[in-house]
Amino acid sequence: MPLVSMRQLLDEAAKGGYGVGAFNVNNMEQIQAIMEAARETKSPVIIQASRGARSYSQDKFLYHLMLAAAELYPEIPLVMHLDHGNSFETCKSAIDLGFTSVMMDGSLKEDGKTPATFEENVAVTRAVVELAHKCGVTVEGEIGVLGGIEDGHGAGGGGLEHVTDPAQAVEFVKKTGVDALAIAIGTSHGAYKFSKKPDGSVLKMDVLMEIHRRLPGVHLVMHGSSSVPKDLQDVINQYGGKLKPTWGVPVEEIQLGIRNGVRKINVDTDNRLAITGAIRKVFVEQPEKFDPRDYLKPAREAMKKVVALRMTQFGQAGHASDYAPVSIEEMKKFYAAK
Ligand code: G3H
Ligand code: 13P
Ligand code: ZN
11 MPLVSMRQLL
21 DEAAKGGYGV
31 GAFNVNNMEQ
41 IQAIMEAARE
51 TKSPVIIQAS
61 RGARSYSQDK
71 FLYHLMLAAA
81 ELYPEIPLVM
91 HLDHGNSFET
101 CKSAIDLGFT
111 SVMMDGSLKE
121 DGKTPATFEE
131 NVAVTRAVVE
141 LAHKCGVTVE
151 GEIGVLGGIE
161 DGHGAGGGGL
171 EHVTDPAQAV
181 EFVKKTGVDA
191 LAIAIGTSHG
201 AYKFSKKPDG
211 SVLKMDVLME
221 IHRRLPGVHL
231 VMHGSSSVPK
241 DLQDVINQYG
251 GKLKPTWGVP
261 VEEIQLGIRN
271 GVRKINVDTD
281 NRLAITGAIR
291 KVFVEQPEKF
301 DPRDYLKPAR
311 EAMKKVVALR
321 MTQFGQAGHA
331 SDYAPVSIEE
341 MKKFYAAK
């Protein structure tokens with residue numbers, strides 16, 4: 011099956027009342043881990059590449075690995091999505107390469123750090139929507155700013171300075187025509203999200219619910235959704251790592267989000283933790299090993315376990331063959347008719 015449209019995947023998720031994990035990748039082992047988890051759980055899946063992933067992999071390598079995944083797992087609807095596109099040109103180059111979905115993160119200026127104005131965000135996102143929809147490609151926009159700066163996709167601070175304003179979200183969707191909307195509700199990227207288990211005062215689930223009430227037909231996206239589980243932290247620290255105590259987003263909060271319009275859930279950090287823990291374990295327990303396969307196989311397996319668990323928790327498990335994927339050509343007609 012060719013790479014498919016994210017819009018269709020999310021429309022189907024909305025009908026079924028479930029969420030779809032969007033997992034970041036940089037290499038073959040991560041793609042294999044996700045595809046094996048998808049096969050095991052019978053899940054449709056979104057695989058995403060950041061700008062960093064594209065440059066790390068010379069993105070053509072990544073693209074052809076994705077084509078291999080689509081060929082080897084024909085029963086799995088598979089989307090290739092650009093995570094945090096920072097400009098029109100970045101989104102255009104992804105579309106030209108064959109991504110079936112792009113995020114235009116116009117909440118920040120092109121540097122990925124400085125908050126943009128609402129007008130700037132609308133203008134660049136609208137331009138991407140016009141191009142992408144002509145090509146049958148899905149667009150995710152973002153309104154409000156995530157916390158955290160370590161990955162260059164946040165404006166810094168604790169994450170509550172730029173919580174999405176529901177009225178602005180409505181105006182943004184009306185003016186841009188995005189298919190999916192990332193909102194800021196107090197999460198941030200990376201491992202260090204919260205210094206204790208977050209409660210209702212930290213994660214703004216009430217804001218999410220209000221946005222869903224006002225925009226019931228729009229697919230909401232939760233970034234920074236790793237749960238940073240203690241068991242994954244422990245493996246790293248047990249084998250010589252130095253992670254400081256930290257908390258992520260509890261899965262129950264994500265599930266509450268899914269009951270309130272969240273259809274795409276971005277997870278990267280949990281998989282990074284799983285991979286690193288597995289590699290450290292081999293290095294410490296079997297220091298005589300030097301064949302990369304001896305540590306990359308357990309790393310791939312550890313990531314697969316995390317992804318399969320999230321697919322089950324988000325509810326996408328069992329839905330891979332619910333529908334016949336429409337082609338990107340058909341999506342062009344879908345958008346032209348709107
Ligand atoms: O949005 C952040 C993702 O975790 C990707 O991170 O920019 O380090 O590839 P990255
Ligand atoms: P985490 O760092 O919580 O995994 O978030 C990933 C993300 O939002 C990618 O866009
Ligand atoms: Zn993100």
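Following this note's numbering, the numbering of the sequence shown begins with 11 at its first residue and continues without gaps. C-beta: ideal position from N, C-alpha, C; glycine also. Because the structure is a prediction, the values reported are computed rather than measured.
**Message:** Taking a contact to mean a Cβ-Cβ separation below 7 Å, would you say T286 touches Y202 in this structure?
**Reply:** Against a cut-off of 7 Å, the Cβ pair of Y202 and T286 comes out as no contact.
Can you have a look at D209 and say buried or exposed, based on whether 16 or more other CB atoms are within 10 angstroms of its CB? exposed
Review point. Does at least one heavy atom of ligand 2 sit under 6 Å from the Cβ of H91?
Key: no
H329 Cβ short of 6 Å to ligand 2 heavy atom set: no
So within the region 187 to 229, which uninterrupted alpha helix (DSSP H) runs reach at least 4 residues, ignoring any that extend past its ends? 215 to 224
Please report the straight-line C-alpha distance between A104 and L88, rounded to a whole angstrom. 16 Å
request  = Drop a sphere of 10 angstroms on the beta-carbon of K207, count the other beta-carbons inside from all chains shown, and report buried for 16 or more, exposed for fewer.
outcome  = Counting the other CB atoms within 10 Å of its CB gives K207 a total below 16, which places it among the exposed residues.
Helix, strand or coil: which one does DSSP assign to R290? helix
DSSP three-state call for Q58: helix, strand or coil? Strand.
Mind checking whether the beta-carbon of S65 lies closer than 6 Å to any heavy atom of ligand 2?
For ligand 2, no non-hydrogen atom lies closer than 6 Å to the CB of S65.
### For L218 and A48, the rounded distance between their alpha carbons
28 Å
Which listed residue (V30, D106, A142 and G29) has its alpha carbon closest to that of Y345:
A142
Could you say which of G258, A79, Y333 and S235 lies nearest to A43 if we only look at CA atoms?
Here the closest residue by C-alpha is A79.
Exercise for the section: Tell me whether the beta-carbon of A192 lies closer than 7 Å to the beta-carbon of E220. Expected result: no
Notebook entry, point to check: Quick one: Cα of G227 to Cα of L82, how far?
Noted result: 34 Å
| Can you name, in chain order, every residue of its own chain whose Cβ lies under 6 Å from the Cβ of S356, other than the five neighbours on each side? | Summary: the structure shown does not reach residue 356, with the chain confined to residues 11 through 348, and so no result is reported for it.
Distance, A284 Cα to C145 Cα: 36 Å
Can you tell me where the beta strand (DSSP E) with S111 in it begins and where it stops? S111 to M114
Q) Whose C-beta lies closer than 8 Å to the C-beta of K254 among residues of the same chain, with five residues either side of it excluded? A) Y202
Legend entry - At least 3 beta-carbon pairs within less than 8 Å: the region 16 to 36 vs the region 320 to 329: yes
In whole angstroms, what is the alpha-carbon distance linking L72 and M11? 17 Å
| message | Please report the distance separating the alpha-carbon of I56 from that of E298. | response | 37 Å
H233 Cβ short of 6 Å to ligand 2 heavy atom set: Yes, since a heavy atom of ligand 2 falls inside the 6 Å radius drawn around the Cβ of H233.
inquiry  = Is N34 near ligand 1 - that is, is its Cβ less than 6 Å away from at least one heavy atom of it?
reply    = Flag set: Cβ of N34 near ligand 1.
Item to complete: Report the residue from P308, F293 and V149 whose alpha carbon sits nearest the alpha carbon of A137.
Response: V149
Spatial neighbours of V188 in its chain, beta-carbon cut-off 7 Å, leaving aside the 5 residues before and after: Cβ neighbours of V188 beyond the five flanking positions: T135, V139, V149, E150 and G151.
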